[in-house]
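The opening position of the sequence shown corresponds to residue 117 in this note's numbering, with each subsequent residue numbered one higher.
Ideal Cβ positions, reconstructed from N, Cα and C, are used throughout, including at glycine.
What follows is a single structure, written as structure tokens, with notes after it.
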Amino acid sequence: MTANDSVMHDRAMKAAQAAKAPSRVALLGFGTVGQAVTRILTSGDVPGLSLTHVFNRDVARKRADWVPASVAWTESIEAVLAADVDIVIELVGGVHPTYEWVRRALESGKSVVTANKQLMAHFGGELLDLARAKGREIRFEASVAGGIPVLRALQEGLAGDRLVEVRGILNGTCAYILSRMQTEGTSFADALKEAQAAGYAEADPTEDVDGADAAAKLAIIVAVGLRRPVRVGAIATRSIRPIEAVDFEYARQLGCTIRQIARASVEEGGKVFAAVRPALVPLNSAFGRVEGSQNVVTVRGVYGGETSFSGSGAGGSPTAVAVVSDVLSVRQSLGGTAGLDAGPAPAVHEVHGDFTAPHYVRFIVNDKPGILAQVTAAYARYGINIDGVLQLPRFRKDRLPFVTTLEECPESMLDKALADVSQSDYHVQPPIALPIFE
Ligand code: NDP
Ligand code: HSE
């Protein structure tokens, strides 16, 4: 090895070690999402990240004994900003003072991950420019649609299309309130209290019910997906407060229900439409079926047509997954290893297809007495419980279909029972067994 080779080798070794060294992460805000993020970061499930600080006002109240002793609890933002950390996670919420903190974090060479849709809707362009100028990152996947990785899908998976329309249920609190009013007859006030208790609502829930939260998310999607930055204040909003039980009754008469819908489109000539309001949606549509804190986002592209995304739009754990995934992306972009790169390739695993599920089994037989008795006896031999037997009238007796539905059983047991039954001579064709997925 020449002296030059040796220097190169040393550098490569140091770079490899640096890539494996954990990224130091500080958390601002130990609330619903902050606590869920801390659970993941301290679980051992995501190697490569080391939580160093938890910042919150009146922090003594917040200390939790399940957080490792190595984590520093602080109510001094100065201490966090001065610390040797690579990534700051902002989960405090609100535009101020988070804007000032995030700016300072970026200026001091740290990358930032945030779930704060108001911050990004109002100052996203400026903060992204600052991050670029500093060679750092700011990521905000959790700010839109909670746990659904919709921004990444728009930026990467659909980058090859020209998106012209987005429609979405973007606020989990409204989805929760309206679906509870629809299905349980819960009052607006009680449903809101439930949504707050579940950790879905903003610190000021008027942002949820009056539309500001969904408008901020819509502004972010319009900027990222439709590539048209807009002023969030220019997006018209209407509250869901006037919706009453009677509106669900009338909507049902029309085959519909009511949800808060965020919608934006780019029309010919580049004009942008955007609004958030309660609207009637067909009961059997993707929007009409949304319950609880679910979100749905449908985008339409000039080339690819419609693509939809759905999942948990609010709640600590789903949102925390989006936050931690962003942190891992930042780590990778800073040269660190994460995910599949983080360790040796795992050994290839065996795959089993023997799912346990309820089943539908259809027979076509040449009818004679005792067939059902033989079938049920075979099921009993393998511990399979029958849920129901269906046989419709007026079929030919020499080609008689009937169905058994079965409670949960392993497919392998059912195969054995059907192999026994198949020995008999009354089958016109072999029975078919289909799992019932609920
Ligand atoms: P929480 O209100 O539960 O948590 C916020 C935390 O920040 C609290 O611990 C609060 O302390 C602390 N805090 C607030 N203001 C200050 C301040 N000025 N100085 C220091 N600490 C402060 O909110 P969430 O966890 O629900 O939300 C956090 C962010 O994530 C928000 O931007 C929200 O929009 C976003 N988000 C939330 C989702 C959810 O389902 N909850 C989903 C997606 C995004 P204290 O206990 O004193 O109030
Ligand atoms: N308050 C928000 C909602 C949290 O209800 O959707 C997720 O951004």
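Top-ranked residue by Cα proximity to residue i, from the options
{"i": "Ile356", "options": "Leu334, Gly251, Thr289, Lys333", "result": "Thr289"}
{"i": "Val229", "options": "Pro213, Ala247, His238", "result": "Ala247"}
{"i": "Gly284", "options": "Ile264, Ala305, Gln298, Arg278", "result": "Ile264"}
{"i": "Gly301", "options": "Lys250, Asp363, Val406", "result": "Asp363"}
{"i": "Arg408", "options": "Ala137, Pro398, Ser426", "result": "For clarity, residue 408 is Gly in the given sequence; the question names Arg instead. The candidate whose alpha carbon is nearest that of Gly408 is Ser426."}
{"i": "Gln376", "options": "Asp536, Glu360, Ala361, Ala395", "result": "Ala395"}
{"i": "Lys387", "options": "Thr158, Arg344, Leu222, Ser139", "result": "Arg344"}
{"i": "Val446", "options": "Val218, Ser227, Val196", "result": "Ser227"}
{"i": "Thr322", "options": "Ile336, Ala335, Phe304, Leu334", "result": "Phe304"}
{"i": "Ser224", "options": "Glu206, Ala199, Asn501", "result": "Ala199"}
{"i": "Arg140", "options": "Val187, Ala367, Arg173", "result": "Val187"}
{"i": "Pro517", "options": "Val443, Tyr366, Pro547", "result": "Pro547"}
{"i": "Thr299", "options": "Thr214, Ala311, Arg405, Gly341", "result": "Arg405"}
{"i": "Val201", "options": "Leu143, Ile480, Ala489", "result": "Leu143"}
{"i": "Val208", "options": "Ser192, Gly145, Glu242, Trp217", "result": "Gly145"}
{"i": "Asp442", "options": "Ala493, Val464, Gly147, Val162", "result": "Val162"}
{"i": "Arg155", "options": "Asn172, Pro138, Pro184", "result": "Pro184"}
{"i": "Leu157", "options": "Asn172, Pro138, Arg173", "result": "Pro138"}
Beta-carbon proximity check, residue i vs residue j, cutoff 7 Å
{"i": "Val175", "j": "Thr435", "result": "no"}
{"i": "Leu267", "j": "Glu281", "result": "no"}
{"i": "Ala261", "j": "Val413", "result": "yes"}
{"i": "Ala380", "j": "Val338", "result": "yes"}
{"i": "His238", "j": "Val211", "result": "yes"}
{"i": "Leu550", "j": "Tyr476", "result": "yes"}
{"i": "Leu286", "j": "Asn411", "result": "yes"}
{"i": "Trp189", "j": "Arg179", "result": "yes"}
{"i": "Gly420", "j": "Asp277", "result": "yes"}
{"i": "Arg296", "j": "Ala307", "result": "yes"}
{"i": "Leu270", "j": "Gly341", "result": "yes"}
{"i": "Ala311", "j": "Tyr292", "result": "yes"}
{"i": "Leu279", "j": "Val415", "result": "yes"}
{"i": "Leu294", "j": "Ile374", "result": "yes"}
{"i": "Ala332", "j": "Val348", "result": "yes"}
Residues that DSSP places opposite residue i in a beta bridge
{"i": "Leu396", "result": "Ile374"}
{"i": "Leu165", "result": "Ser139"}
{"i": "Ile254", "result": "Val228"}
{"i": "Glu206", "result": "Leu144, Thr230"}
{"i": "Ile285", "result": "Val412"}
{"i": "Arg478", "result": "Val519, Ile548"}
{"i": "Trp182", "result": "DSSP output for Trp182 lists no bridge partner at all."}
{"i": "Ala390", "result": "Ala380"}
{"i": "Leu279", "result": "Gly417"}
Cβ neighbours of residue i in the same chain (closer than 7 Å, five flanking residues each side left out)
{"i": "Glu383", "result": "Phe389"}
{"i": "Leu370", "result": "Leu396"}
{"i": "Leu197", "result": "Arg220, Ala221, Ser224"}
{"i": "Tyr542", "result": "Val481, Asn482, Lys484, Ile487"}
{"i": "Asp503", "result": "Pro474, Thr521, Leu522, Glu523"}
Own chain partners of residue i with C-beta closer than 8 Å, once the 5 adjacent residues on each side are dropped
{"i": "Ile336", "result": "Lys233, Met236, Ala237, Gly240, Phe256, Ser259, Val260, Leu267"}
{"i": "Asp514", "result": "Asn482, Asp483, Val544"}
{"i": "Asn501", "result": "Tyr495, Leu522, Glu523, Cys525"}
{"i": "Asn400", "result": "Gly371"}
Residues near residue i by beta carbon distance below 6 Å, same chain, minus five either side
{"i": "Val505", "result": "Thr520"}
{"i": "Leu534", "result": "Pro547"}
{"i": "Tyr366", "result": "none"}
Quiz item: Is the region 347-354 in contact with the region 323-336, if contact means three or more CB pairs nearer than 8 Å?
Solution: yes
Quiz item: Quick one: any contact between the region 466-477 and the region 513-528, if contact means 3 or more CB pairs under 8 Å?
Solution: yes
Quiz item: Would you call the region 417-432 and the region 241-255 in contact, with 3 or more CB pairs under 8 Å?
Solution: no
Quiz prompt | the region 221-235 in contact with the region 158-172 per 3-pair CB rule at 8 Å | solution = no
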